[in-house]
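Enquirer: Structure incoming, see below.
There are 2 protein chains.
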Amino acid sequence: MSSPPHSAPRATPGQAQEIKVQAAVNAPRIAIESVQPSLDHGRFAAKAIVDEPVHVRATIFADGHDILAAAVCWYDDEGRQHREPMCQIQPPGLDRWEGRFSPRRVGRHGFFIEAWWDTYATYRDELSKKHQAGVPVGLELEEGRRLLVQAIERSEGALKDAFKALHGRFQWLDHDAERVALLLDGDTVQLMHEANTRPHLTRSDVFYPLEVERLKARFSSWYELFPRSETDDPHRHGTFKDVHKRLPMIRDMGFDVLYFPPIHPVGHTHRKGPNNSLEAGPDDPGSPYAIGSKEGGHEAIHPQLGTRDDFRHLVRSAADHGMEIALDFAIQCSPDHPWLKEHPGWFSWRPDGSIRYAENPPKKYQDIVNVDFYSEDAIPSLWMTLRDVVQGWVDEGVKIFRVDNPHTKPLPFWEWLIADIRGRDPSVIFLAEAFTRPAMMLRLGKLGFNQSYTYFTWRHTKAELTAYFTQLNEPPLRDGYRPNFFVNTPDINPYFLQSSGRPGFLIRAALATMGAGSWGMYSGFELCEGAPVPSKEEYLDSEKYEIRPRDYTASGNIRYEITQLNRIRRENPALQTHLGLAFYTVHNDHILLFGKRTETQHNFILVAVNLDPFEAQEGVFELPLWEFDLPEDAPLHAEDLMSGQHWTWHGKWQSLHLEPWHQPFAIWRIRPVH
Amino acid sequence: MSSPPHSAPRATPGQAQEIKVQAAVNAPRIAIESVQPSLDHGRFAAKAIVDEPVHVRATIFADGHDILAAAVCWYDDEGRQHREPMCQIQPPGLDRWEGRFSPRRVGRHGFFIEAWWDTYATYRDELSKKHQAGVPVGLELEEGRRLLVQAIERSEGALKDAFKALHGRFQWLDHDAERVALLLDGDTVQLMHEANTRPHLTRSDVFYPLEVERLKARFSSWYELFPRSETDDPHRHGTFKDVHKRLPMIRDMGFDVLYFPPIHPVGHTHRKGPNNSLEAGPDDPGSPYAIGSKEGGHEAIHPQLGTRDDFRHLVRSAADHGMEIALDFAIQCSPDHPWLKEHPGWFSWRPDGSIRYAENPPKKYQDIVNVDFYSEDAIPSLWMTLRDVVQGWVDEGVKIFRVDNPHTKPLPFWEWLIADIRGRDPSVIFLAEAFTRPAMMLRLGKLGFNQSYTYFTWRHTKAELTAYFTQLNEPPLRDGYRPNFFVNTPDINPYFLQSSGRPGFLIRAALATMGAGSWGMYSGFELCEGAPVPSKEEYLDSEKYEIRPRDYTASGNIRYEITQLNRIRRENPALQTHLGLAFYTVHNDHILLFGKRTETQHNFILVAVNLDPFEAQEGVFELPLWEFDLPEDAPLHAEDLMSGQHWTWHGKWQSLHLEPWHQPFAIWRIRPVH
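Residue numbers (our numbering), protein chains in the order written: chain A, 327 to 1000; chain B, 327 to 1000.
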């Protein structure tokens, strides 16, 4: 916090005047404003992906009409400084400048901006204009000569010699036109650039941190399953070895992250029974989120899932299949968790010796109690222990964590924990499972969460989806928040899918896979499961409380379509991010039409989705010819990425027909006809 | 600038871990974001007006579901701290809070925000809900009792006694319902509030400065004249005494600022002749912007205007008429300015002993040279001298300065100069005469200019005016930039007025007076003068180079309408600012309809302007009944502020007809029918 006024010792009036005018004279002459990417004026790190260009933009201007120059100075994760020039972008009236660099390593980077008077550019500009206008330039040439003399005076070694030679040539030239040519010559400009004193050098008043992450932080396809359900008998607890057998099927659908709810021992006290009932039978497995029993806590593996070696084997085997295992980090305890006895000071005890059970209104978790991060005994031992839990799993080869309800744990805890873990291994990725208010959702991203659950699950109409996708593409979300579009979760059986039938599942799969770089599904989605607890967003007979074997080859499944969608994502870089999105006109409120493109336009995907799972919809739509600088009558080449068909569209307005029963969406790769 | 990474000495790994977790534990638990009013994260002071409420808003939230409390802590210009509570505003999902305070003094103020855990509010909320739901609350009551005991322990004196008494009463109550009532009682809440330890107290990480200004900084009506033209003979130079005779007429039109272009001696070298010609005749007065001759510079008065005593008399006399004199501060010199000889080091001399003349592309000022603020000799003597020039006129009673082309002088110079002058006398007002790029326009406001020239002069269509007025009402312009809508200036003879005839002058007068708190006109406007230099925005026979006597009673003048418009502004606080503006629907693209209102709705003005100076326009328009929470069929009382007529409108859709020849606008004060 800055000081309040008058808190500093006062100088005498005369001293104060002198100090203030000196401060003003030395103050930066150039304004550097509205720097992007940035979050809260450099308080948090903006997000970047390794080997992809970072576009740094700023509004840069000063008094008068002299020409400025600017550069972005960036530091990599080892503190090495690099520098890239910035250029003014169109239109010049906005005083907007851009510089680009591509970080080659993951981890914490950062940048600031420098701008200065480009004295020689201003001089060249005037000389060139006057010379071209036929105005006498004798005086300007003498000024140019003096610039050369000054350059000799302030340079050394080879540069000094080069300027001496240049000045010598200049003196021997007979005609003004030759002298003008020499001063405007590229070599002269280059020499002047090297000898530049950068007058009025100004630095942005903030150092902007940048967190560089691996591509999977933004492009990932998640498959969620309960390992204990990998069985064909609801009375036999599935194991890691059973999961091992499913790997080829999941890999074949195109997923690259396999995510498990907590794999730790499950508590017995207040264990939940089927459908969240408060009484569990002797064979009920309980919610895996009620972590901890006498068999261990967050660092332990549920004995019925297998051994630590089984887990290690599964991690390696998944890697062989091109997949990573993601674990759940849920900071909560069953009343049987060893920490309650070992560290009673980590909990808030009530007068009757009980601990308040957990709530995430309106949900109640009678089988779970929470730690108290700020109790005297918890500082810092609880914080360190939780960090060690995560580090322990990282050491087992787990590099992706889905964090349960992070918005109910302290914000400084996450900022510290993520920086600590990623400080040692910046390949680790954290997904925030927060469904809460917008400011908190973004803040978690700012604190370091690499991906986040979103409101996608509750956005269905054309207007809702357009507004939400647009918001994700704009600051501040653009710089600080990476969406992972989950189509369902064990906690969310979306109302839309409860009644939409198979077409609805195809619609949501298409929107999720095409809309965001990361998406996820919870098993059963591919079977179009949607039976609810009546009038709730909960699954009937929820797998959270039961072992649920499934026949993944059952008829009506959408594994083929999911496989195709994931393949299309892998083959088209434009689909590996939620950014670079634009909506286009289609004259039907049930059809959403949007484009995704890479910066260079080399990869341009057009997606049309019929949002109505019950009726066929058709409409006239606008081909975005202008995105390729094409006239309205230009032909455009299109490839249907689902069917592989090719054709050429002629004319800006085209029509489409999408019926929900077969395939309620279309995905085209478009390009100009060569 | 923050440090680049790794610049600090490194701790050992163990130390570093301990330091980091302790920092995290001590870090603010509550997020305080998006604070308004603010400019560039507290780098610049937002603008406020004395005795008017400042609405401080912030997004405030934390982990979990506990209830928070917040306050705005503000400092007045003498460093006294005050505190106002903040409340959450609707809808709660935005986590947006507001607190208000009204500064009672002009000068530099500032504020920061505090938020903390309101533990007792959280407790009361739970107790009350459970009690109302009929759930047993024995455990909660024991927790409440312990809160009382803790309060006894941490308080002293009378407060401690009060808690002891409260605890005693609590112990003696027989029934839980009575105990609940006691704990929820207002007196208990008040006591708990007084004993609050404010757990997790978090302060905004920035101190937000606020510049409190007098009302005239935002609400002023400017009349500009060349004193030398106050004559009936173009060969007789007008004087301050002549201006004195005009005061009643200008006062009667309702102006409260009388502004003169520079009143200093005019140079002779390269003096401009009529119509900006490069050769002046012996009797040509020259441009007053070519400041300085052997008779003196910026501190001197042109001898032909009168003596210093004449000027002092005029300042006093204007004040007696309710007007302030505004002077021009134009930092530039005629080649004859005494500074060229006294301080040659303040200028950049070319190899031939000349100084480059001034340009503001495409304009060329061959009769003017500029100082070099960063030349060795100029630091800090030039800066101090310029400050002394302004202070000298302040000492003569001039409290308003129109600053010529501030965007061509260094930004730090203005920030220092304005702070220096206003530090001694915060009633001084600076108007920035910058017509340049948007970022610079705003920056000058941020640096301290209290008012600014605008793009209004070039906004004519409904779409242009709607976009521009809206932009002025939104951040960042809302907090940092106060428009002064000049309808014309000696430099700008708007194309629109060159051909619109009298109706065009009425249209622009209505838009300027109703659109902004400050507006201005240059004399001749009331006579509908618009003869241009062909195809230029310049006046033919411009007064900048000639003495121009006028007959201000000439037929066709619009003095009556201007008088009425200024009267309406004085009588209606909603019109004393550009803020509080909203546009309403009228089904005609030539008619602009907008409302201006005070915060309380007590003053609500509806303005309709026919933007077409050639044709009558009519249209159906929408009465903004919803702004008064009225149903669509409610009656609304209207008063025509130009004619004084009253009536009642019935129904939401009304129609209007505006013909340009008589009065191309309508101004209604509206209110619900009582």
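Where a beta carbon is used, it is the ideal one built from N, C-alpha and C, also for glycine.
#1: If you check the beta carbons only, do B/Y534 and B/G436 fall under 8 Å apart?
#2: Of all the residues that make up the stretch 650-679 of chain A, which are near chain B by a beta-carbon distance shorter than 9 Å?
#3: So for A/Q1032, helix, strand or coil by DSSP?
#4: At the level of alpha carbons, what is the spacing between B/I888 and B/S546?
#5: So, under 8 Å CB-CB, A/R828 and A/G882 are touching, yes? Tell me the CB distance rounded to an integer number of Å.
#6: Can you check whether the CB of B/I358 is closer than 8 Å to the CB of B/A384?
#7: Give me the subset of the stretch 366-386 of chain B whose CB atoms are less than 8 Å from a CB atom of chain A, sorted by chain position.
#8: Taking the alpha-carbon positions, what's the A/V720 to A/S849 distance?
#9: Alpha carbons only, please: which of B/Q476, B/A397, B/A960 is nearest the one belonging to B/P950?
#10: With DSSP as the reference, label A/L791 as helix, strand or coil.
#11: Could you check how far apart the C-beta atoms of A/S868 and A/P820 are, in whole angstroms? I think they sit under 8 Å.
#12: So that I know if they touch, is there some Cβ in chain A lying closer than 8 Å to that of B/P588?
#13: Among the residues of its own chain, which have a CB less than 7 Å from the CB of B/G433, if the five just before and after it don't count?
#14: A/R355 versus chain B: which residues are under 7 Å apart at the beta carbon?
#15: So with Cβ pairs under 8 Å, would you call A/W742 a contact of chain B?
#16: Which residue's Cα is closest to the Cα of A/E897: A/I375, A/M840, A/T796?
#17: Spell out whether any CB of chain A is found under 8 Å from the CB atom of B/V461.
#18: Here's the rule: buried if 16 or more other CB atoms are within 10 angstroms of the residue's CB, otherwise exposed. What is A/W973?
#19: What does a CB cutoff of less than 6 Å around B/G564 pick up in its chain, not counting 5 residues either side in sequence?
#20: Any Cβ of chain A within less than 8 Å of the Cβ of B/M710?
#21: Please list the residues of the stretch 422-456 of chain B that have a C-beta atom closer than 9 Å to any C-beta atom in chain A, keeping them in chain order.
#22: Would the C-beta of A/L474 count as close to the ligand PLP, meaning under 7 Å from any of its heavy atoms?
#23: How long is the line joining the alpha carbons of B/P331 and A/Y401, rounded to whole angstroms?
#24: To the nearest angstrom, how far is the alpha carbon of B/Y449 from that of A/A656?
#25: The alpha helix (DSSP H) spanning B/W742 covers which residue range?
#26: Compare the C-beta of A/G841 against all C-beta atoms of chain B and say whether one is closer than 8 Å.
#27: Return the chain-ordered list of same chain residues with a C-beta closer than 6 Å to the C-beta of A/N914, the five sequence neighbours on each side being excluded.
#28: With H, G and I counted as helix, E and B as strand and the rest as coil, what does DSSP make of B/M766?
#29: Quick check: what's the CA-CA separation for A/H457 versus B/G846?
#30: Closest Cβ-Cβ distance between A/E469 and chain C: below 8 Å?
#31: What three-state label does DSSP hand B/G722 in the structure shown?
#32: Touch check for the stretch 737-747 of chain A and the stretch 761-774 of chain A: three-plus C-beta pairs under 8 Å?
#33: From which residue to which residue does the alpha helix (DSSP H) around A/D487 run?
#34: Between the stretch 412-427 of chain B and the stretch 475-482 of chain B, can you find at least three pairs of beta-carbon atoms closer than 8 Å?
#35: Thinking C-beta only, is B/P990 closer than 8 Å to B/L823?
#36: Does A/S555 come within less than 8 Å of chain B when only Cβ atoms are used?
Expert: Reading from the atomic positions:
#1: yes
#2: Those would be R676, P677, D678, in chain order.
#3: This structure cannot settle anything about residue 1032 of chain A, because the visible part of chain A is limited to 327 through 1000.
#4: 14 Å
#5: 6 Å
#6: yes
#7: D366, H367, G368, R369, T385
#8: 25 Å
#9: B/A960
#10: Annotated three-state conformation of A/L791 is helix, per DSSP.
#11: Incorrect: roughly 14 Å between the Cβ atoms, too far for contact.
#12: no
#13: D403, V538, P752
#14: P736, L737, P738
#15: yes
#16: A/M840
#17: no
#18: That one is exposed.
#19: P553, R554, S555, E556, T557.
#20: yes
#21: R422, R434, H435, G436, F438
#22: The ligand PLP is not part of the structure shown, which contains no ligands of any sort.
#23: At B/P331, the pLDDT of 44 sits below 50, so the modelled position is not reliable; the number obtained from the coordinates is stated separately. Using only the alpha carbons, I get a separation of about 8 Å.
#24: Looking at the two C-alpha atoms, the distance is approximately 26 Å.
#25: Element bounds for B/W742: 737-750.
#26: no
#27: Q943, G945
#28: helix
#29: 43 Å
#30: No chain C is part of this structure, whose protein chains are labelled A and B.
#31: Strictly speaking, residue 722 of chain B in this sequence is Glu, with Gly absent from that position. Here B/E722 sits in coil by DSSP.
#32: yes
#33: 483-498
#34: no
#35: Judged by their CB atoms, B/L823 and B/P990 are not nearer to each other than the 8 Å cut-off.
#36: no
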